[in-house]
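One structure is given below, encoded as structure tokens.
Following this line, the structure appears as structure tokens:
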């Protein structure tokens, strides 16, 4: 399957020649006005088919060599897999590290905003910060040991409570309107 028809070269050279042939058909000058579009299309199809056939032959050649290598020296494939897994692990660790850095930045930003809100006194006309359910927000010092997951869960609980209170108020209003 990987035999060459070119007497002087190898499969790679033929592959390169086929690619050049495809480009030549596309870049021919209009010096030959006698060639019709159909003729150009047929020539292009033939060039592309030869290029694809040689590409398949090259792929088969390399797959065959890869198979022989895996049969004769399986430790090389294991080493390659180990290297791939290590690279993937490093990439994922880097991604996790970046996420933790972002979480730290957002926690610091949240703590700064809450400390600024606590620093303002009610005498200045500003009420202490509140959660969505109307309860006062915890002071920034209370957030120091809280994980992002716990913080997210607390926010979800607060939103659920607020939603329930709103639903309760709507039901009371509807009951009052009916009376």
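Residue numbers (our numbering): 51 to 229. Backbone N, C-alpha and C fix where the C-beta goes; we use that ideal spot for every residue, glycine too. Remember, predicted model here, so these are calculated numbers, not experimental data.
Inset, instruction - Spell out whether any CB of chain D is found under 8 Å from the CB atom of residue 153. - result: Of the chains in the structure shown, none is chain D; there is only one protein chain.
Legend entry - Backbone CA spacing between residue 135 and residue 147 [nearest angstrom]: Distance between the alpha carbons of residue 135 and residue 147 is about 18 Å.
Legend entry - Nearest to residue 99 (by Cα), restricted to the options 67, 113, 125 and 129: Minimum Cα distance to residue 99 is reached at 67.
Inset, instruction - Taking only the alpha-carbon atoms, compute the straight-line gap between residue 171 and residue 165 and give it to the nearest angstrom. - result: Only weak support is given to the placement of residue 171: the predicted model assigns it a pLDDT of 49, under 50, and the value that follows is read from those uncertain coordinates. Using only the alpha carbons, I get a separation of about 11 Å.
Inset, instruction - Pull up the distance between the alpha-carbon of residue 197 and that of residue 114, whole angstroms please. - result: The C-alpha of residue 114 is placed about 53 Å away from the C-alpha of residue 197.
Legend entry - For residue 165, the first and last residue of its enclosing alpha helix (DSSP H): Segment 124–169, the alpha helix (DSSP H) holding residue 165.
Inset, instruction - Measure the C-alpha to C-alpha separation of residue 90 and residue 106 and round it to an integer number of angstroms. - result: Roughly 24 Å between the two C-alpha positions.
Legend entry - Rounded C-alpha distance that separates residue 112 from residue 206: C-alpha separation (whole angstroms): 55 Å.
Inset, instruction - Give me the Cβ distance between residue 108 and residue 61, rounded to the nearest whole Å; I'm assuming they're in contact under 8 Å. - result: The Cβ separation is near 6 Å, so the contact holds.
Legend entry - Span of the alpha helix (DSSP H) around residue 74: For residue 74, the enclosing alpha helix (DSSP H) begins and ends at 61–77.
Inset, instruction - Could you have a look at residue 120 and say whether DSSP puts it in helix, strand or coil? - result: Residue 120: helix per DSSP, three-state reduction.
Legend entry - Buried/exposed call for residue 104, threshold 16 Cβ in 10 Å: Under the 10 Å beta carbon count, residue 104 is surrounded by 16 or more other beta carbons and is classified as buried.
Legend entry - C-beta contact flag for residue 97 and residue 128 at 8 Å: No. Outside cutoff.
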